[in-house]
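In the order they appear, the protein sequences are chains A and B. Straight run, no breaks: the first sequence in our numbering ends on number 610. Straight run, no breaks: the second sequence in our numbering ends on number 610. Even for Gly, the Cβ is constructed at its ideal location relative to N, Cα and C. Down below is the structure, laid out as structure tokens.
Protein chains: 2
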Amino acid sequence: MTNTDSSRIRVFSLNCWGIRYSSKQCSQRYVMIGDMLCREEHDIVLLQEVWSEKDYMSLKKKLACSHPHSHYFKSGVIGSGLALFSKHRIHDTFLYRYSLNGYPYMAHHGDWFGGKAVGMAVIGIGNVTANVYVTHLHAEYCREKDSYLPHRVVQAWELQQFVRHTSAGADMVILGGDLNLHPQDLGNRLLMSYTGLRDSYLETDTFDGCEDGITLIADNPFTNKKDLIPFEKGIRIDYILFKGSPKTDVFCDSMSTTKGSVADQPFPYSDHEALTAELRLETHTPPGAGRDKNLKDSSTGKLAELVDIVTEARTEVKVGLHCAERMRYTAKRTGVMGVALLLLELAIAAVPWLALGAEQPFPSTSFYLLAGLCFAILLTTTMLYIFYTMEVKSLQGAEDQMRLAVGSLQEGLRGFTLAQALNAARKPPGGLSACNPEE
Amino acid sequence: MTNTDSSRIRVFSLNCWGIRYSSKQCSQRYVMIGDMLCREEHDIVLLQEVWSEKDYMSLKKKLACSHPHSHYFKSGVIGSGLALFSKHRIHDTFLYRYSLNGYPYMAHHGDWFGGKAVGMAVIGIGNVTANVYVTHLHAEYCREKDSYLPHRVVQAWELQQFVRHTSAGADMVILGGDLNLHPQDLGNRLLMSYTGLRDSYLETDTFDGCEDGITLIADNPFTNKKDLIPFEKGIRIDYILFKGSPKTDVFCDSMSTTKGSVADQPFPYSDHEALTAELRLETHTPPGAGRDKNLKDSSTGKLAELVDIVTEARTEVKVGLHCAERMRYTAKRTGVMGVALLLLELAIAAVPWLALGAEQPFPSTSFYLLAGLCFAILLTTTMLYIFYTMEVKSLQGAEDQMRLAVGSLQEGLRGFTLAQALNAARKPPGGLSACNPEE
């Protein structure tokens, strides 16, 4: 007989938009966020874009009583911006930096300097071991011509790999954050299909928030309405995802988001809406444990769908690879031109030196300016060449892994279909089949 | 009753020293390595320093029959140099790039450009799921004054985290590679204690190889004898590590290394010796599964030892952190001086422009040279500042994680001691205690 325990946990997620001296009302908003978290006492708080460690430290001080356990994930030049507060003991943490994250010379977008990553914490909630992940993927600046799409797909790929490989020993998994992905975007489908994570907005019994669960809304005074075109009302890009295990069933009883304003406050907490999910855990003696439960439970249809999604992702990565290789080639060619120009200049300068007494053919100011230009070209193209090489390697690496995964999935699919056919042939009328996957 | 199956697998590991046009007899050695692997038919082959993808591709072609499954891990500017060949199906791969790996301006050491990482492959061997890891840590160039020590400690820390968190669902774990760590080095103790991995050289029933299992030996014609001082005969820095699971017991029946020369060949395979371990698996129905078996099985003494090791690692990381912060400060100060010099020069140059008609105080050649120098200083110090900031963040990140881990371990230790005391008090004479950890 199985023995079932039930408990509830409340999870909170918010992109804090915490760029000091640049984000509007940054310090006032942090005060509001701290007060609210102190009052609400969520079990787990997942914050993104806490760019300044000072802001994290002041939150930590304020939440010392309500959330005695916390962790700030450091990475990149500025940091990952990821912070986690918990009422329950954090046993272990781990950080995975995405291999691709925009371009350093796109400084106005700033993603590269942020060192985007996924942070993990192993948290003990009673008898349950929860693996909690917080992440923030590369922003989408232009949906029509999104030059960062391959980077975001690779990030989603690495995120699902990290979650899948690190969560085998966990009783439950929670992932929260700003994915910068719409619900039907490739990266999101990749993440959800592969890991078996469930979207609390889609799973919840009761929902209180904006229409369609949107989290970047036109009604928020901090959002730029132009950025939302063609999505007039807004978009859903922030998520709280979860899954259970053979030992623990997880249900989402209720979910809510803020709606662009906060009662009795002059402005909202952030340009994103805050998410709160109430999860109910039912812990029982497992009927049978196994690796990759989500894959084992999958039907043929689900496996075939996963193959399609990974294939689509692979195509997207290949497009990015072509682009990166072209850019690297351009950098190389420009560099070679810089060298040629420098050699030409040196040759001209050498003329009077070889033919002693002949006059210098061009004035020294131009000479030094041209030489400086050549060196600047050489330096820039070398750095770009190194950077694009790293990008090419990372894209190739992801593409290789995807090819291998598709092969393995297809083999699984063949074995699965075969097993089903054999079962159908052997099955006695009215009897139970040995392999009875859920459809 | 448990049902036990027994099977054997042979694992091979070699640092190939495959720097094209620089490593001696590189192409000839690859031919030798390929022939030997084809003949020996190890189940799993773990190679390091396969720097050129062309060499990997030619090996792949040669081993198509003996090892139909393979993977090359791409990372960094040059690549990770890690390759894996397998007789058994590779289901999944994953790569973790270490957050620290030397300095880009130490180009003669070259580690930074290599993008050191740990590669993982999930391999199905019969009914057993094996998580196989291959890695290569930062080299040690000077044991007395090892400026890379904090980097190597952080790499060992991240390696143990990666192995521990990704192997919970595996039936067995194999890790092979050039760790650049002596058996008693801090990084090695950190890895072994935390993961519960066992050293095949120490565990083997029969051993055939060099004295003390050394893998970088003075007798090898490719090794630089000076580098080995004060270890006259050589050092042991290459390893094949393994562990089982509740479902699978793993034993090392025999182990061997090459001894600096190869029969009928003019030179050895590499400057490192090749390792081969024969592992015996006994698969049975698990008496009970659980997360972090190695930690649960640990005695109080082992836990206390682990606390000491992590504390020692934390101290080492703090030393590195101080050093990185000092270097960052120096870069900042030099940059500020560059700006001051540039402003001074501009001020001097502005004098004749303000006092119309006054003569230019210094010749234009010197003016441009000085301006060029100022810009070069500014550019270099800015890049160094960014780089050191990334280093500081990574070191701080590792230090934070270590502090948290020590706290959690100490709590476990207290709980453990308490449980033991309670058990001792409650235990009926001759009865079985509820909690009976192995000593």
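* To do: Using a threshold of 8 Å, state whether the C-beta atoms of G273/A and W222/A are closer than that.
  => In the first sequence, counting from the first residue as 1, residue 273/A sits at position 102. In the first sequence, counting from the first residue as 1, residue 222/A sits at position 51. No, the pair does not count as a contact, with Cβ atoms beyond the cut-off.
* Asked: Taking C-beta to C-beta, are V488/B and L566/B nearer than 8 Å?
  -> In the second sequence, the residue the question calls residue 488/B occupies position 317. In the second sequence, the residue the question calls residue 566/B occupies position 395. Cβ atoms of V488/B and L566/B: closer than 8 Å.
* Asked: So which of Y192/A, C236/A and S193/A has the shortest CA-CA distance to D206/A?
  -> Indexing the first sequence from 1 puts residue 206/A at position 35. Closest by alpha carbon: C236/A.
* To do: From the DSSP output, in three-state form, read off Q581/A for me.
  => Sequence index remark: in the first sequence, residue 581/A carries index 410 (1-based). Helix at Q581/A.
* Reducing DSSP to helix, strand and coil, say where N395/A ends up. => By one-based count along the first sequence, residue 395/A stands at place 224. Correct three-state label for N395/A: coil.
* Asked: Does the distance from the CB of H309/B to the CB of D349/B come in under 8 Å?
  -> One-based indexing of the second sequence puts residue 309/B at position 138. One-based indexing of the second sequence puts residue 349/B at position 178. Taking 8 Å as the Cβ cut-off, H309/B and D349/B do not qualify as a contacting pair.
* Please decide whether Q331/B counts as near chain E, where near means a Cβ-Cβ distance under 8 Å. => In the structure shown, chain E does not exist; the protein chains are A and B.
* To do: Can you grab the Cα-Cα spacing for the pair C606/A / T175/A, in whole Å?
  => Against the first sequence, residue 606/A aligns to sequence position 435. Against the first sequence, residue 175/A aligns to sequence position 4. Low confidence applies here, because C606/A scores a pLDDT of 36, under 50, leaving its location unreliable and the question unanswered by this model.
* Residues of chain A with CB under 7 Å from H280/B, in chain order? -> Counted from its first residue, the second sequence places residue 280/B at position 109. Chain A residues near H280/B: none, gap ~16 Å exceeds 7 Å.
* Asked: In angstroms, rounded to a whole number, what distance separates the CA positions of E403/A and E382/A?
  -> Reading the first sequence from its first residue, position 232 is the one you call residue 403/A. Reading the first sequence from its first residue, position 211 is the one you call residue 382/A. Approximately 12 Å, taken between the alpha carbons.
* Asked: Looking only at C-alpha atoms, which of F265/A, K258/A, V248/A and R574/A sits nearest to D479/A?
  -> Mapped onto the first sequence, residue 479/A falls at position 308. For D479/A, the nearest C-alpha among the options comes from R574/A.
* Asked: Hey, K287/B and Q332/B: beta-carbon distance below 8 Å or not?
  -> Position 116 of the second sequence, counted from the start, is the residue given in the question as residue 287/B. Position 161 of the second sequence, counted from the start, is the residue given in the question as residue 332/B. Going by C-beta atoms, K287/B is not nearer than 8 Å to Q332/B.
* Can you name the residues of chain A whose CB is closer than 8 Å to the CB of Y267/B? -> In the second sequence, counting from the first residue as 1, residue 267/B sits at position 96. By Cβ distance, chain A contributes Y267.
* List the residues of chain A that M573/B touches, going by C-beta distances under 7 Å, in chain order. => Here residue 573/B corresponds to residue number 402 of the second sequence, with the count starting at 1. Chain A residues near M573/B: none, gap ~10 Å exceeds 7 Å.
* To do: Anything in chain A within Cβ reach of H336/B, meaning under 7 Å, just list it in chain order.
  => In the second sequence, counting from the first residue as 1, residue 336/B sits at position 165. Neighbours of H336/B on chain A, chain order: F265 and T337.
* Would you list, in sequence order, the uninterrupted beta strand (DSSP E) runs of no fewer than 3 residues that lie entirely inside the region 200–240 of chain B? => 215–219
* So which of V507/A, A518/A, A595/A and R451/A has the shortest CA-CA distance to T613/A? -> Because chain A here runs from 172 to 610, residue 613/A falls outside it and cannot be looked at.
* Per DSSP, which one or two residues make a beta bridge with F378/B? -> Within the second sequence, numbered from 1, the residue matching residue 378/B stands at position 207. Paired residue(s): M426/B.
* To do: For the beta strand (DSSP E) containing A343/B, list its first residue and its last residue.
  => Translated into positions along the second sequence, residue 343/B becomes position 172. A small fix is needed here, since residue 343/B is Met in this sequence, not Ala. Note, M343/B: beta strand (DSSP E), M343 to D349.
* To do: Check the Cβ of M561/B against every Cβ in chain A and list those closer than 7 Å, keeping chain order.
  => Looking up residue 561/B in the second sequence gives position 390. Those are G247 and V248, listed as they occur along chain A.
* Asked: Contact check, V324/B vs V334/B under 8 Å by CB: the rounded distance?
  -> Taking the second sequence and counting its residues from 1, the one referred to as residue 324/B is at position 153. Taking the second sequence and counting its residues from 1, the one referred to as residue 334/B is at position 163. At roughly 16 Å, the Cβ-Cβ gap does not stay under 8 Å, so V324/B and V334/B are not in contact.
* To do: Compute the Euclidean distance between the alpha carbons of L368/B and L412/B, then round it to the nearest angstrom.
  => Working through the second sequence from its first residue, we reach residue 368/B at position 197. Working through the second sequence from its first residue, we reach residue 412/B at position 241. In a straight line, the C-alpha of L368/B is about 6 Å away from that of L412/B.
* Does the beta carbon of S270/A come closer than 8 Å to any beta carbon on chain B? -> The count along the first sequence starts at 1 and reaches residue 270/A at position 99. Yes, S270/A counts as interfacial toward chain B.
* To do: Report the three-state DSSP secondary structure of R179/A (helix, strand or coil).
  => On the first sequence, residue 179/A is found 8 positions in, with the first residue counted as 1. Correct three-state label for R179/A: strand.
* C-beta contact flag for L234/B and C197/B at 8 Å -> Stepping through the second sequence from its first residue, residue 234/B is reached at position 63. Stepping through the second sequence from its first residue, residue 197/B is reached at position 26. Contact flag unset, no.
* Please go through the region 435–511 of chain B and give each complete alpha helix (DSSP H) segment of 4 or more residues, from N-terminal end onward. => 464–467
* Tell me whether the beta-carbon of H238/A lies closer than 8 Å to the beta-carbon of S257/A. => Locating residue 238/A in the first sequence gives position 67, counting from the first residue. Locating residue 257/A in the first sequence gives position 86, counting from the first residue. Yes, they are a contact pair.
* Asked: Since S579/B meets chain A, which of its residues come closer than 8 Å, beta carbon to beta carbon?
  -> The residue labelled residue 579/B in the question sits at position 408 within the second sequence. R260, I261, H262 and D263, listed in chain order.
* Hey, is I557/B's beta-carbon within less than 8 Å of any beta-carbon in chain A? -> Position 386 of the second sequence holds residue 557/B. Yes, its Cβ sits closer than 8 Å to a Cβ of chain A.
* Check whether P294/B and I406/B have beta carbons under 8 Å apart -> Mapped onto the second sequence, residue 294/B falls at position 123. Mapped onto the second sequence, residue 406/B falls at position 235. For clarity, residue 294/B is Ile in the given sequence; the question names Pro instead. Result no, Cβ atoms of I294/B and I406/B do not sit closer than 8 Å.
* Closest to E582/A by CA distance: which of L474/A, L346/A and R260/A is it? -> The residue you call residue 582/A lines up with position 411 of the first sequence. Measuring from the Cα of E582/A, the nearest candidate turns out to be L474/A.
* So is A576/B in contact with chain A if we call contact Cβ pairs under 8 Å? -> In the second sequence, the residue the question calls residue 576/B occupies position 405. Yes, A576/B lies at the interface with chain A (some Cβ there is under 8 Å from its Cβ).
* Flag F244/B as yes if its beta-carbon sits less than 8 Å from any beta-carbon of chain A, otherwise no. => In the second sequence, the residue the question calls residue 244/B occupies position 73. It does: the Cβ of F244/B has a partner Cβ on chain A nearer than 8 Å.
* With distances taken Cα to Cα, identify the nearest neighbour of S318/A among L540/A, A542/A, C494/A and T447/A. => Residue mapping note: residue 318/A aligns to position 147 of the first sequence, counting from 1. Of L540/A, A542/A, C494/A and T447/A, the residue nearest in Cα terms is C494/A.
* **N-terminal and C-terminal residue of the beta strand (DSSP E) that S257/A is part of** => One-based indexing of the first sequence puts residue 257/A at position 86. Its beta strand (DSSP E) spans residues L253 to S257.
* **CA nearest to the CA of L584/B, picked from K564/B, D571/B and E476/B** => Mapped onto the second sequence, residue 584/B falls at position 413. Here the closest residue by C-alpha is E476/B.
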